[in-house]
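Chemist:
Protein chains in written order, with my numbering: chain A, 2 to 499; chain B, 1369 to 1469.
#1: Going along the chain, which residues of its own chain have a beta-carbon closer than 6 angstroms to the beta-carbon of residue 1430 of chain B, five neighbours each way excluded?
#2: Short of 7 angstroms Cβ to Cβ, which residues in the region 1432-1449 of chain B face chain A?
#3: Applying the 10 Å Cβ sphere with the 16-neighbour rule, what's the burial state of residue 46 of chain A?
#4: In three-state terms, what does DSSP make of residue 92 of chain A?
#5: Pull up the distance between the alpha-carbon of residue 363 of chain A and that of residue 462 of chain A, whole angstroms please.
#6: What does the alpha-carbon distance come out to for the pair residue 218 of chain A and residue 281 of chain A?
#7: In chain A, which residues lie less than 7 angstroms from residue 1370 of chain B when you measure between Cβ atoms?
#8: Less than 6 angstroms between C-beta atoms, sequence neighbours within five positions excluded: which residues of the same chain meet that for residue 350 of chain A?
#9: For residue 82 of chain A, does the three-state DSSP call read helix, strand or coil?
#10: Among residues of its own chain, excluding the 5 on either side of residue 437 of chain A, which ones have a beta-carbon nearer than 6 angstroms to its beta-carbon?
#11: Does the distance from the CB of residue 140 of chain A to the CB of residue 203 of chain A come in under 7 angstroms?
#12: Count the other C-beta atoms from every protein chain shown that fall within 10 angstroms of the C-beta of residue 1441 of chain B, then say buried if there are 16 or more, exposed otherwise.
#13: So within the region 280-332 of chain A, which uninterrupted alpha helix (DSSP H) runs reach at least 4 residues, ignoring any that extend past its ends?
#14: When the cut-off is 7 angstroms and only beta carbons count, does residue 1381 of chain B lie next to chain A?
#15: Can you look up residue 366 of chain A in the DSSP assignment and give me helix, strand or coil?
#16: Consider the Cβ of residue 133 of chain A: report whether some Cβ of chain B lies at a distance smaller than 7 angstroms.
#17: Thinking residue 310 of chain A and residue 252 of chain A are a contact (beta carbons under 8 angstroms), I'd like their distance in whole angstroms, please.
#18: What's the call for residue 115 of chain A, buried or exposed, on a 16-neighbour Cβ count within 10 Å?
#19: Taking DSSP as the reference, what is the three-state secondary structure of residue 1 of chain A?
#20: How long is the line joining the alpha carbons of residue 71 of chain A and residue 492 of chain A, rounded to whole angstroms?
#21: Which residue wins for smallest C-alpha separation from residue 125 of chain A, given the options A/150, A/285, A/214, A/107?
#22: Name the chain A residues whose beta carbon is nearer than 8 angstroms to that of residue 1488 of chain B?
#23: Could you list the residues in the region 189-216 of chain A with a C-beta less than 8 angstroms from some C-beta on chain B, going in chain order?
#24: Residue 189 of chain A to residue 414 of chain A, Cα distance in whole Å?
#25: Can you pull the chain A neighbours of residue 1385 of chain B, defined as C-beta to C-beta under 8 angstroms?
#26: Find the residues of chain A that neighbour residue 1421 of chain B, judging by a C-beta separation of less than 7 angstroms, and give them in chain order.
#27: Establish whether the CB of residue 169 of chain A and some CB of chain B are separated by less than 7 angstroms.
#28: Within 10 angstroms of its Cβ, does residue 305 of chain A collect 16 or more other Cβ (buried), or is it exposed?
#29: Can you pull the chain A neighbours of residue 1428 of chain B, defined as C-beta to C-beta under 9 angstroms?
#30: Grouping DSSP H, G and I as helix and E and B as strand, with all else coil, what is residue 213 of chain A?
#31: Specify the secondary structure class of residue 201 of chain A as computed by DSSP and reduced to three states.
#32: Thinking just about the alpha-carbon of each residue, which of B/1400, B/1418, B/1401, B/1387 is nearest to the one in residue 1375 of chain B?
#33: Buried or exposed: which applies to residue 1426 of chain B, given that a residue is buried once 16 or more other Cβ atoms fall within 10 Å of its Cβ?
#34: What residues in the region 234-262 of chain A have a beta carbon less than 8 angstroms from any beta carbon of chain B?
#35: Keeping to the same chain, check which residues put their C-beta closer than 6 angstroms to that of residue 18 of chain A; ignore five residues upstream and five downstream.
#36: Helix, strand or coil: how does DSSP classify residue 139 of chain A here?
Structure, rendered in structure tokens:
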């Protein structure tokens, strides 16, 4: 009897502990409540649901955004999560990515209808953001698995739910590929659990357990586990699904895919390599090879693309390589550079997809051939495209240049510190890749301004509000080039606890 | 009590069989079955290793989570297969390849 009452007492303590820790997960809890509200709204009303669904989603996301900036660092739920200022900033950026996606979706009547017809599209996008935000801070293998699956399943639904032959094909490829890579990851995780006897990667026994394992089984288990993270990052060997999915899915959804799961996976990788650093396994070599391969494969495949969205898919594979460079640098300045890169990547990628969605609205497809001469009709939009594409290449006078500069100087520093060969190779090949990128990014402005349209097609008109939104998405890229110290100082201030 | 080695070899065998099924079969449903085999290999490992865990239950709880999530994932996957079948009238992965470039 006495033992039983002890258990009950312990249970009460645990419950109050959990309730106290719930505040740390404020943004995720807000998103979960928003999802339920959208679901209920969707059930209660019959038609004209667009306004309601959009406003519930928007308010929920903004509320989550506000809450995420008030959370303190800590390790809630007995080490399930590890929150520090770095990954809280990442969390803020992820939710901001969700807000911007809704704004982008609301600029196009087609997308408004898709989101408004039923709540599923909104629910799935909120799920992706929630999963990514959990992923960016989890330090427990079980939590990592659940967060990755939450993001993945939401993404499968987002790809497949809108009607269309191509969309269903892309979704099938995505779900089969994702299923296999998550199965491989979970098998690797089961071995890590066997080696260490704990699921918590920040636990000292995790590290000491791994140190006693022979190198071959250790490498196999770690490569399998990291493979699952690389799938979410869509880095080189696990990138095959992404061009198909990007080409087929609705443009705002693609913008979400190109930022949210990727940056969350980077945050996860930073936590994970922090836990396995200095054991025999040379993760810098492996990730260095992956980064080099992603940059090269992404950039060279993008050269031959005819569809703007498919081209952006390969560009985002290349950018996954550049983000990995920041992980490999593995230093204070590398982490700072990653935050800066993530913020700028958010702006330029969303800017690019917003402009692509405008052209899609005008010409009815994202085919680069269809863009001939449109720049002369809407010159201001053409100028915005030029700015975004220069930013994606990483040239001045845009913030893309500062981001690349920061990330490459951090890897240069790390190379001088450690002298590992692979760091130097990542540095050199990364710089060379920037030159390759110039060719395909500037093809879109070239078609816009210098090619004559084949025959006159009647184009839908863009409203002036569209132009204003385009400007709002793009101008920060110029401002952050000239005043990059604003963002760097701001990030430095929050970056001090790591 | 069964020796641990046998169970681990069973797990590894299941994983390899699952992987071979995934890579060689052309039918989407068969690939899903292969994925399920791979996940069950991981489950066996987790439950076996759970025996040596000082906290005792983590691995078994993990296996339960894997089973649940796999069910959700399979539900989504089957819905997508149905959708594909409606458009292509086949579940053969070689014939479902219109997206190229």
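By construction, the Cβ of each residue, glycine as well, lies at the ideal position given by its N, Cα and C atoms.
This structure is a prediction, so every number in the text was calculated from the model and none was measured.
Modeler: In brief:
#1: Counting from 1 along the second chain, the entry for residue 1430 of chain B is found at position 62. The answer, listed in chain order, is 1414.
#2: From the region 1432-1449 of chain B, only 1433, 1434, 1437, 1440, 1441, 1444, 1445, 1448, 1449 have a Cβ closer than 7 angstroms to chain A.
#3: Here residue 46 of chain A refers to the residue found at position 45 when the first chain is read from its first residue. So residue 46 of chain A ends up on the exposed side.
#4: Taking the first residue of the first chain as position 1, residue 92 of chain A is located at position 91. DSSP places residue 92 of chain A within a helical segment (H, G or I) once states are collapsed to three.
#5: Position 362 of the first chain, counted from the first residue, corresponds to residue 363 of chain A. Position 461 of the first chain, counted from the first residue, corresponds to residue 462 of chain A. Take the alpha-carbon of residue 363 of chain A and the one of residue 462 of chain A: they are about 7 angstroms apart.
#6: Numbered from 1 along the first chain, position 217 holds the residue referred to as residue 218 of chain A. Numbered from 1 along the first chain, position 280 holds the residue referred to as residue 281 of chain A. The alpha-carbon atoms of residue 218 of chain A and residue 281 of chain A are separated by roughly 12 angstroms.
#7: Taking the first residue of the second chain as position 1, residue 1370 of chain B is located at position 2. By Cβ distance, chain A contributes nothing, its closest Cβ being about 16 angstroms from residue 1370 of chain B, past 7 angstroms.
#8: Translated into positions along the first chain, residue 350 of chain A becomes position 349. Within its own chain, the residues whose Cβ lies closer than 6 angstroms to the Cβ of residue 350 of chain A, once the five positions on either side in sequence are excluded, are 259, 260, listed in chain order.
#9: Mapped onto the first chain, residue 82 of chain A falls at position 81. Residue state, collapsed to three classes: strand.
#10: Indexing the first chain from 1 puts residue 437 of chain A at position 436. So the list reads 300, once near-sequence residues are dropped.
#11: Numbered from its first residue, the first chain carries residue 140 of chain A at position 139. Numbered from its first residue, the first chain carries residue 203 of chain A at position 202. A Cβ-Cβ contact shorter than 7 angstroms links residue 140 of chain A with residue 203 of chain A.
#12: On the second chain, residue 1441 of chain B is found 73 positions in, with the first residue counted as 1. Label assigned to residue 1441 of chain B: buried.
#13: Taking only runs of at least 4 residues, the alpha helix (DSSP H) segments lying wholly in the region 280-332 of chain A are 284-303, 309-330.
#14: What you label residue 1381 of chain B is simply residue 13 of the second chain in a count that begins at 1. The Cβ of residue 1381 of chain B sits no closer than 7 angstroms to any Cβ of chain A.
#15: Counting from 1 along the first chain, the entry for residue 366 of chain A is found at position 365. When DSSP states are grouped into helix, strand and coil, residue 366 of chain A belongs to the coil group.
#16: Stepping through the first chain from its first residue, residue 133 of chain A is reached at position 132. No, its Cβ sits nowhere closer than 7 angstroms to a Cβ of chain B.
#17: What you label residue 310 of chain A is simply residue 309 of the first chain in a count that begins at 1. What you label residue 252 of chain A is simply residue 251 of the first chain in a count that begins at 1. Contact flag correct, Cβ pair sits at about 7 angstroms.
#18: Within the first chain, the letter at position 114 stands for residue 115 of chain A. Around the beta carbon of residue 115 of chain A, a 10 Å sphere encloses 16 or more other beta carbons of the protein chains shown; the residue is thus reported as buried.
#19: Residue 1 of chain A cannot be examined here, being either before or after the span of chain A that is shown, 2 to 499.
#20: Mapped onto the first chain, residue 71 of chain A falls at position 70. Mapped onto the first chain, residue 492 of chain A falls at position 491. Residue 71 of chain A and residue 492 of chain A: Cα-Cα distance of roughly 16 angstroms.
#21: The sequence position of residue 125 of chain A within the first chain is 124, counting from 1. Just measuring C-alpha positions, the residue of A/150, A/285, A/214, A/107 sitting nearest residue 125 of chain A is A/150.
#22: The shown model of chain B, from 1369 to 1469, leaves out residue 1488 of chain B, and the question about it has no answer.
#23: Close to chain B, meaning a Cβ-Cβ distance shorter than 8 angstroms, are the following residues of the region 189-216 of chain A: 190, 191, 192, 194, 195, 198, 199, 200.
#24: One-based indexing of the first chain puts residue 189 of chain A at position 188. One-based indexing of the first chain puts residue 414 of chain A at position 413. In this structure, the alpha-carbon of residue 189 of chain A lies about 32 angstroms from that of residue 414 of chain A.
#25: Locating residue 1385 of chain B in the second chain gives position 17, counting from the first residue. Per Cβ cutoff of 8 angstroms: no residues; residue 1385 of chain B is ~12 angstroms from chain A at best.
#26: Position 53 of the second chain, counting from 1, holds the residue named residue 1421 of chain B. Near residue 1421 of chain B (Cβ distances below 7 angstroms), the residues of chain A are 198.
#27: Here residue 169 of chain A refers to the residue found at position 168 of the first chain. Taking CB atoms only, residue 169 of chain A has a neighbour in chain B less than 7 angstroms away.
#28: Looking up residue 305 of chain A in the first chain gives position 304. Residue 305 of chain A is classed as exposed because its beta carbon has fewer than 16 other beta carbons within 10 Å across all chains shown.
#29: For the purposes of this step, residue 1428 of chain B is taken as the residue at position 60 of the second chain. Against residue 1428 of chain B, chain A offers no close residue; the least beta-carbon distance is about 11 angstroms (beta-carbon pairs closer than 9 angstroms).
#30: Stepping through the first chain from its first residue, residue 213 of chain A is reached at position 212. In the structure shown, residue 213 of chain A adopts coil according to DSSP, grouped into three states.
#31: As a position in the first chain, residue 201 of chain A is number 200, starting the count at 1. It is a strand residue.
#32: Stepping through the second chain from its first residue, residue 1375 of chain B is reached at position 7. Distances from the CA of residue 1375 of chain B to each of B/1400, B/1418, B/1401, B/1387 were compared; the closest alpha carbon is that of B/1418.
#33: Here residue 1426 of chain B corresponds to residue number 58 of the second chain, with the count starting at 1. Sixteen is the threshold: when 16 or more other Cβ atoms of the shown chains lie within 10 Å of the Cβ of residue 1426 of chain B, as they do, the residue is buried.
#34: If the cut-off is 8 angstroms between Cβ atoms, the region 234-262 of chain A has 244, 245, 248, 249 near chain B.
#35: As a working mapping, residue 18 of chain A is identified with position 17 in the first chain. Closer than 6 angstroms at the Cβ level, and outside the excluded window around residue 18 of chain A, lies no residue.
#36: As a first step, residue 139 of chain A must be located in the first chain, where it is residue number 138. Correct three-state label for residue 139 of chain A: strand.
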